[in-house]
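Residues in the sequence shown are numbered consecutively from 0, following numbering that gives the first Met the number 0. Each residue gets a CB set at the ideal place from its N, CA and C atoms; glycine is no exception. These notes concern the structure reproduced below.
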Amino acid sequence: MRVIDFVYLALFSIGTNARDLLTVPTWAPVTTDSPPLNGAGYRVETFGGGAYMVTDNQYNCVFFVSSEGVILVDAPASIGQNIAYAISNTTDKRVTHVIYSHAHADHIGSAYLFKNATHIAHSITKDLLAATPSSDDPLPDVIFEDDYSLLNGNQTIQLSYKGTNHQPGNIFIYAPSQKVLMLVDVVFPGWAPFAYLGEAEDVPGFIQAHDQILEYDFDHFVGGHLTRSGVRADVEAQREYIHDLKNNCNNALALSKQPANATNPISQQHLVNAALQANPGNPWAGFKLYLDSVASYCNNATNEKWLGRLSAVDVYGMENSYAMVAALSETNLGLSG
0 MRVIDFVYLA LFSIGTNARD LLTVPTWAPV TTDSPPLNGA GYRVETFGGG
50 AYMVTDNQYN CVFFVSSEGV ILVDAPASIG QNIAYAISNT TDKRVTHVIY
100 SHAHADHIGS AYLFKNATHI AHSITKDLLA ATPSSDDPLP DVIFEDDYSL
150 LNGNQTIQLS YKGTNHQPGN IFIYAPSQKV LMLVDVVFPG WAPFAYLGEA
200 EDVPGFIQAH DQILEYDFDH FVGGHLTRSG VRADVEAQRE YIHDLKNNCN
250 NALALSKQPA NATNPISQQH LVNAALQANP GNPWAGFKLY LDSVASYCNN
300 ATNEKWLGRL SAVDVYGMEN SYAMVAALSE TNLGLSG
């Protein structure tokens with residue numbers, strides 16, 4: 000998830016008239032707890048064997064304390080200096096290695112705090128960072144293509160690249176001794192995905208990543224976002240949600256090919272014609288009305304089952320449905336890119 004898309008809203012001295020104009024949506028109550036943070040605004044989860052997760056209930060990172068130093072995985076901008084505090088409150092060892100899950104600055108924007116460490120990433124991540132250089136996230140010192148094992152004292156961390164999902168270069172990070180697995184911006188334990196399937200650059204790869212996660216033997220899963228770590232059941236739940244979303248979108252697309260009638264409000268022919276009549280000479284209007292209508296139909300069908308099972312299904316349900324519809328229908332609609 001790019002940091003520009005993760006927005007905090009602060010209201011300062013808004014006048015009465017402006018406040019009256021602000022309409023804040025109310026979504027369904029969440030079903031996932033948000034454990035309290037400490038006074039500094041962060042929390043540490045202990046996985047055992049020297050493995051820890053640091054979170055501000057928005058972002059997550061992981062560190063491993065070895066006999067030779069600390070291995071840090073990601074350094075989210077939102078947690079910032081609290082990462083260093085969390086580590087120093089756990090051990091007096093210095094950070095010797097920083098692993099980048101992928102190139103998005105919201106997850107590695109505090110890597111500069113550990114500039115004397117060895118930074119490790121996939122080669123694609125290095126290329127992406129080099130294209131938009133920043134002192135916040137130094138270029139990696141060590142890169143790899145398929146698999147890489149980091150051996151540091153008594154800790155072993157296995158890195159693997161299985162293809163594009165959220166972003167090219169997004170890697171699996173696995174600690175076999177502690178059975179801790181991290182894959183960022185794909186599964187959000189207890190929560191529905193962020194908008195547009197977590198802004199997946201490859202939707203088929205995003206879907207496949209759920210099965211790839213479940214090929215690992217893990218007890219703890221870290222997804223990079225929100226309020227807690229996960230377990231196998233969390234990954235299985237999101238996989239089921241994604242499969243339901245895909246099936247509902249496929250069904251909606253099939254229905255859209257049929258003529259309009261009392262039970263079919265999403266006929267492509269009817270919607271496109273109506274859009275063009277209202278917007279002469281504007282083909283995008285037809286695409287917009289059609290795709291929005293099919294996505295809305297899919298979203299409503301999906302929410303009937305999933306509201307109350309995953310938190311915030313309704314918040315980004317429309318965007319996730321749209322991303323799935325677009326991924327399934329581009330070729331049929333004659334779109335490319």
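Thinking just about the alpha-carbon of each residue, which of the options is nearest to the one in residue i?
i	options	result
Val324	Asn164, Tyr195, Gly108, Tyr160	Tyr195
Ser328	Gly307, Tyr289, Lys304, Arg308	Tyr289
Ile170	Pro192, Val69, Gln177, Val185	Val185
Met52	Asn247, Gly197, Ser228, Asn250	Ser228
Ile337	Phe205, Pro34, Lys161	Residue 337 cannot be examined here, being either before or after the span of the chain that is shown, 0 to 336.
Asn153	Lys304, Glu303, Gly68	Gly68
Ala274	Asp291, Ser176, Pro258, Val314	Asp291
Gly47	Gln177, Asp55, Val183, Lys92	Gln177
Leu213	Gly108, Val230, Gly204	Val230
Phe205	Asn319, Ala76, Ala110	Asn319
Glu303	Thr131, Asp218, Glu144, Leu244	Leu244
Asp55	Gly49, Ile82, Thr45	Ile82
By DSSP's criteria, residue i is part of a beta bridge. Which residues make up the other side?
i	result
Asn260	Asn263
Cys60	Val53
Val141	Ile119
His103	In DSSP, His103 forms no bridge with anything.
Ile206	For Ile206, which the question treats as bridged, DSSP gives no partner whatsoever.
His96	Ile70, Thr117
Ala174	Val179
Please report the distance separating the alpha-carbon of residue i from that of residue j.
i	j	result
Glu239	Ala253	21 Å
Val72	Val271	48 Å
Pro282	Gln267	13 Å
Ile3	Asp105	The predicted model places Ile3 with a pLDDT of 44, which falls under 50 and marks its position as unreliable; any figure quoted below should be read in that light. If I take the Cα positions, the gap works out to 8 Å.
Thr155	Leu180	12 Å
Ile13	Thr25	Residue placement at Ile13 cannot be trusted, given a pLDDT of 48 that sits under 50; the coordinates are not used to answer.
Lys114	Ser100	17 Å
Leu8	Val64	Its pLDDT being 40, under 50, Leu8 is placed unreliably in this model, and the value from its coordinates should be taken loosely. Spanning the two alpha carbons is a distance of roughly 36 Å.
Asp313	Pro175	36 Å
Pro192	Thr301	13 Å
Met317	Ile142	37 Å
Asp91	Asn250	57 Å
Asp210	Ala277	45 Å
Asp201	Ala326	9 Å
Gly336	Phe286	Because the pLDDT of Gly336 is 35, which lies under 50, any placement of that residue in the model is unreliable, and the number read from its coordinates should be weighed accordingly. Roughly 15 Å separates the two Cα atoms.
Tyr215	Asp146	15 Å
With a cut-off of 8 Å on the beta carbons, I'd call residue i and residue j a contact; round off their distance for me.
i	j	result
Asn151	Thr89	That belief does not hold up - the Cβ atoms of Asn151 and Thr89 are roughly 16 Å apart, past 8 Å.
Gln208	Leu182	First, the amino acid is wrong: residue 208 is Ala here, not Gln. About 7 Å separates the two Cβ atoms, so the contact holds.
Pro139	His118	4 Å
Val23	Ser310	About 18 Å separates the two Cβ atoms, so there is no contact after all.
Hey, would you say the C-beta of residue i is under 7 Å away from at least one heavy atom of the ligand SAH?
i	result
Thr89	No copy of the ligand SAH occurs in the structure displayed, which carries no ligand at all.
Inter-stretch contact (C-beta, 8 Å, three-pair minimum) for the segment 292-303 and the segment 220-228: no
Using 8 Å as the threshold, is the segment 229-239 in touch with the segment 57-66, meaning 3 or more CB pairs across them? no
For the 8 Å Cβ check, are there 3 or more pairs between the segment 28-41 and the segment 151-167? no
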